[in-house]
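Residue numbers (my numbering), protein chains in the order written: chain A, 3 to 235; chain B, 3 to 235; chain C, 3 to 235; chain D, 3 to 235; chain E, 3 to 235; chain F, 3 to 235.
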């Protein structure tokens with residue numbers, strides 16, 4: 003249940019019975035021809051869809067994340083890592099203070115990975131909590147489905163092109179983009195990264211039929227929901 | 003235009019013609035019987051409604067803000083001030099790096115006021131930019147309309163009860179809440195604050211007719227839009 | 003009692019009987035033709051005068067505060083907000099460790115307002131303490147007296163021109179300064195602020211008879227003393 | 003060439019001809035029956051062996067890294083992530099100020115991965131530099147060799163048991179350890195992690211013949227050296 | 003000239019002719035039977051007396067410093083070192099922005115020594131400035147005079163007992179205090195330090211005739227003045 | 003015993019009987035014609051030699067320290083003081099969490115002195131621990147021996163020229179370097195410092211017979227060992 007659809011006394015009542023919640027992590031960064039908010043949109047929606055039948059509160063996605071490499075693409079906003087770790091600490095402290103003890107962080111952006119280190123540090127100070135850092139798009143079953151459909155998949159390619167991340171009136175390229183040299187991106191600044199990336203997509207087709215996309219989504223929702231239901235502590 | 007409805011090359015094109023953008027600040031905190039997301043919902047919506055005819059990009063609202071005083075109401079999440087100032091710095095750096103030079107920060111939560119200090123420091127390092135910290139709900143015309151309707155108005159009272167912040171199935175109290183002692187709240191911790199605040203509302207009725215609310219909204223949208231159109235630099 | 007007139011064992015004895023103390027906040031910043039130390043001088047003196055008959059310890063004023071907007075006026079020193087919040091935290095920790103539980107922060111500079119957020123956070127970690135952030139010059143009775151005398155009053159105008167803030171040999175302008183556009187100051191850097199502010203005064207006459215000033219001071223001392231005597235916890 | 007075998011004027015001369023250097027990252031953490039310094043020993047030695055014929059300066063390994071998850075195993079020292087990112091920034095600033103522009107960071111510990119984010123941020127401020135974050139043990143050829151020998155390999159298993167990381171007088175277990183549940187480790191604090199990990203090894207045999215180990219080492223040295231020789235900028 | 007006796011335009015005029023200023027560092031900490039403000043009082047007064055005939059601006063002393071070791075003596079306030087270094091950076095930035103290029107930091111408290119490291123870092127970023135960290139009481143001639151009078155001298159002993167640091171009505175002990183074991187203090191927390199220190203004095207008599215004290219002061223003023231006059235850059 | 007020669011369970015066993023350990027602090031900085039790693043080499047070796055007969059664990063030296071003044075000599079790496087204090091805090095927290103309660107910090111570099119302030123703060127939070135900051139080269143007996151041999155001794159002079167810090171193939175100058183003006187170094191940036199320092203040595207001969215050096219070393223080892231054996235808490 004979206005936290006914005008609750009008031010504080012409803013949350014208080016809920017926690018008495020169930021100490022689970024979800025916190026989605028997004029990023030506002032270039033996704034080639036797709037929405038700048040792709041990672042935020044997907045992490046929040048997968049969280050909502052997974053939580054819906056369970057009634058677990060879903061906090062608003064953190065829109066902004068770590069994406070220093072893409073800041074030369076306008077519209078991309080990167081937090082400094084020192085800011086981000088402070089933010090993650092505060093969120094965990096706040097959820098804990100509210101009474102939550104089992105927290106699923108649904109992450110929509112690979113670059114946010116240092117949050118996992120913060121979680122590890124934080125749990126040492128809050129030893130009765132359990133926190134999962136969950137990259138929904140590369141969970142085993144979800145990624146297996148992606149690869150089954152088309153292994154040429156990457157950042158900003160078809161695998162992120164859902165009905166809710168594509169933009170009205172924007173026509174996607176029809177070719178298969180060659181795989182960019184990922185090591186060549188990692189060792190240089192955002193300027194050279196932009197030059198080497200062109201439109202921002204890393205590899206593959208830019209769109210596939212919605213039957214493919216919805217099949218992936220269905221698996222991803224189930225796999226995320228299983229994280230809520232099983233294997234805490 | 004919501005940034006999530008744009009891709010990076012659209013932003014790049016836009017900035018060539020117009021270097022304005024909007025960044026809304028919210029807060030997830032107790033609002034008595036209303037949504038925990040009230041401040042986030044209102045700041046993002048007022049920004050969207052004001053920007054719409056102008057085509058100015060609106061970045062996703064920062065959901066989380068400064069609300070240490072309310073953390074004993076479950077569901078309330080407060081960032082530490084040190085985290086928040088780092089966050090505001092990063093956002094301004096990111097918007098500037100993208101090319102924006104006139105930035106309207108539409109703030110929906112009084113507690114976020116230290117952002118104004120950060121802006122002041124930041125502009126000294128970026129002297130060709132102009133940044134407005136704009137508390138939409140207490141802009142002169144908007145507040146005058148509120149007071150004209152009913153001066154017994156406060157945090158979590160009728161003046162924040164819009165069709166988009168009230169919750170389905172939640173019945174609002176029908177009495178006028180006496181004004182709490184605000185100084186008595188300020189000098190104590192969150193525990194004593196909660197005791198003294200009861201349901202979380204500070205003063206006044208809990209709801210008023212939508213004709214009142216929409217009249218306020220209309221004025222607020224116009225007043226916010228005027229901020230976008232006039233008096234930069 | 004000024005802390006510099008005490009030694010540690012006297013403080014230890016005092017706290018056994020009374021856990022109150024005062025900490026004044028100042029700022030070294032342009033005050034047009036008045037002393038750069040105006041805010042420090044006034045906050046420390048009002049604290050001393052208010053505390054005197056009560057024997058409550060007054061710690062030395064923190065001379066430096068938050069004034070990023072005025073740094074292009076030479077002699078103005080602004081701390082970064084991140085430094086300032088760390089400083090306020092340390093002072094509160096130190097006073098608490100000494101044994102003080104009721105702390106009156108007498109603030110002489112509007113720009114120091116983020117200290118209030120730090121206090122709010124700090125009290126959540128020290129729930130048996132009570133801390134008041136008190137802007138002496140805009141307390142209700144004091145401000146009422148100012149407005150009664152002359153409502154054209156502002157930063158660096160007559161209302162800050164006391165016998166202890168004016169400078170020997172400096173002649174004050176004799177005209178009424180028109181009110182500067184405060185919104186126009188807030189949205190720009192310190193350079194444009196200085197251009198728009200001229201001599202640094204915001205509005206009003208530069209001096210008034212000492213009978214006016216001493217009448218204000220008397221009320222302010224009483225109103226500050228009442229803060230020490232009443233309404234803790 | 004080890005930097006400890008050079009003086010400052012030799013470094014100055016060297017940089018005039020070659021702006022490459024190596025900085026190894028280690029960690030002091032439990033490695034089951036192996037040395038607590040395993041990651042430091044291996045990253046520094048692989049760096050030295052790779053650099054030797056090229057005469058490239060190798061700075062002393064940073065012994066300490068990010069290992070919050072293992073702190074309940076005595077002897078393990080974990081830096082906070084906020085400290086670590088500051089450290090990495092300082093080292094890069096220092097190497098750059100000395101004149102180095104091509105920097106190979108040879109990392110010996112998976113948990114140090116956030117250094118990669120710091121590098122990405124840092125290169126945006128130093129756009130004429132190129133920095134590689136290189137996890138020597140999972141470089142493609144090295145890892146292929148490991149898996150070819152025995153795919154049951156993990157933290158503190160045989161794959162880290164080199165002549166220079168094993169301890170005199172310590173007898174290694176002779177069985178194959180079952181694979182621990184890595185997700186089950188990630189979601190809990192260091193106390194539960196220790197309970198679930200037993201001796202600290204994650205999976206596999208504890209030792210294999212030195213012919214295997216030296217074959218891996220030889221490939222790893224060559225693969226690391228290739229990083230020094232090729233594909234900068 | 004005390005900065006509180008100047009306004010901004012006077013500072014602006016002054017800097018056009020002379021880019022020197024003084025910034026005194028104090029500390030509020032136990033000084034046995036003497037004022038808690040001893041270090042602040044002495045550093046500000048020595049600065050004022052030295053600067054007086056030269057007309058060099060003296061900024062208000064920073065009252066608070068680093069004294070973690072004495073916090074178990076009530077009235078002692080210690081800043082964290084991380085706060086203090088940020089504070090020193092900000093002050094230097096502020097003085098530099100005002101136009102000062104030769105800055106004498108007159109330090110009254112040995113524990114503030116890390117300021118010297120901050121100065122060293124800061125000068126690398128501001129290479130046209132010259133900053134002296136000057137411990138007035140242990141400058142060669144001043145300390146020689148102290149030792150000539152009575153070599154049994156220490157923190158809170160007679161050597162800090164000036165007419166302006168002793169307290170009305172407080173009778174000083176008349177014996178010579180044996181020297182405490184300074185290494186024994188350094189290796190333990192503030193609680194054990196207090197136990198071992200008794201009244202807080204480290205060694206020696208508690209008072210000497212004012213002829214001695216004024217002789218020391220005269221030398222110290224001259225020696226401090228020489229720092230202002232000679233050997234910049 | 004070098005910690006790299008132990009595994010975690012050996013440390014655990016050791017702490018049950020003896021809660022002492024050693025942590026050496028070094029610095030990578032210019033030492034004229036000697037190794038850039040001189041301070042790291044000496045602090046780690048003196049720690050190892052002192053601890054050897056006692057079986058006390060020696061953690062790997064922190065190679066990097068505070069040396070802002072020498073950064074214009076290539077190969078010198080200086081951490082920012084803010085980073086360094088965070089590092090020292092983390093190390094102490096880590097050693098404490100492992101179970102150590104008596105910690106000898108063997109420091110090889112004068113510039114690292116702010117670590118002492120961090121220790122003082124840290125012990126207030128960990129009041130059952132005892133931590134010594136020990137500058138081995140200026141301990142009383144060691145320094146007396148140095149001065150007995152040749153009082154013209156300084157940074158990078160003969161007194162740091164041991165068989166394990168001198169470099170193969172580097173011929174040392176044969177003259178006595180005049181004493182540089184140390185105050186003249188302290189008040190300027192790293193650029194002017196380099197100009198004034200020439201080769202980096204401050205005063206004295208560059209080498210002396212090994213009989214002298216080994217006599218110093220023998221005394222230093224014994225004096226350091228006595229720190230381990232005596233006077234804790």
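Think of the CB as a built atom: it goes at the ideal place given N, C-alpha and C, for glycine as much as any other residue. Predicted model, so just to flag it, every value in this text is computed and none were measured.
CB contact below 7 Å: residue i versus chain G
i, result
"residue 76 of chain C", "Reference to chain G is not applicable here, since the protein chains of this structure are A, B, C, D, E and F."
Residues of its chain near residue i, where Cβ-Cβ distance is below 8 Å and the 5 sequence neighbours each way are ignored
i, result
"residue 129 of chain B", "none"
"residue 117 of chain F", "27, 86, 87, 90, 107, 109 and 135"
"residue 74 of chain F", "192, 193, 195 and 196"
"residue 233 of chain C", "none"
"residue 212 of chain D", "165"
"residue 154 of chain F", "178, 181, 205, 206 and 207"
For residue i, the residue or residues it bridges with in DSSP
i, result
"residue 33 of chain A", "A:36"
"residue 64 of chain C", "C:27"
"residue 22 of chain D", "D:104"
"residue 4 of chain C", "C:60"
"residue 80 of chain D", "D:67"
Alpha-carbon to alpha-carbon, residue j and residue i
i, j, result
"residue 188 of chain F", "residue 49 of chain F", "30 Å"
"residue 235 of chain A", "residue 25 of chain A", "18 Å"
"residue 183 of chain F", "residue 104 of chain D", "37 Å"
"residue 32 of chain D", "residue 156 of chain D", "13 Å"
"residue 121 of chain F", "residue 145 of chain F", "24 Å"
"residue 65 of chain E", "residue 67 of chain D", "38 Å"
"residue 162 of chain B", "residue 43 of chain B", "10 Å"
"residue 180 of chain F", "residue 29 of chain C", "47 Å"
"residue 19 of chain A", "residue 93 of chain A", "21 Å"
"residue 222 of chain C", "residue 216 of chain B", "43 Å"
"residue 175 of chain E", "residue 210 of chain E", "11 Å"
"residue 72 of chain C", "residue 172 of chain F", "56 Å"
"residue 256 of chain E", "residue 149 of chain F", "For chain E, the structure presents residues 3 to 235; residue 256 of chain E sits outside this window and is missing."
Neighbourhood of residue i by C-beta, 6 Å cutoff - its chain only, sequence neighbours within 5 removed
i, result
"residue 227 of chain A", "52"
"residue 61 of chain E", "5 and 25"
Sub-7 Å separation of residue i and residue j beta-carbons
i, j, result
"residue 76 of chain E", "residue 14 of chain C", "yes"
"residue 37 of chain E", "residue 169 of chain E", "yes"
"residue 208 of chain D", "residue 160 of chain D", "yes"
"residue 202 of chain F", "residue 158 of chain F", "yes"
"residue 167 of chain C", "residue 113 of chain C", "no"
"residue 3 of chain C", "residue 59 of chain C", "yes"
"residue 35 of chain D", "residue 9 of chain F", "yes"
"residue 101 of chain C", "residue 17 of chain C", "yes"
- Uninterrupted beta strand (DSSP E) stretches inside the segment 104 to 146 of chain F (no shorter than 3 residues): 104 to 109 and 132 to 137
- Item | Length-filtered (4 minimum) alpha helix (DSSP H) runs lying within the segment 180 to 232 of chain E | 184 to 188, 192 to 199 and 212 to 231
- Ignoring anything shorter than 3 residues or poking outside the segment 149 to 178 of chain D, list the beta strand (DSSP E) runs there in chain order. You should have found no qualifying run.
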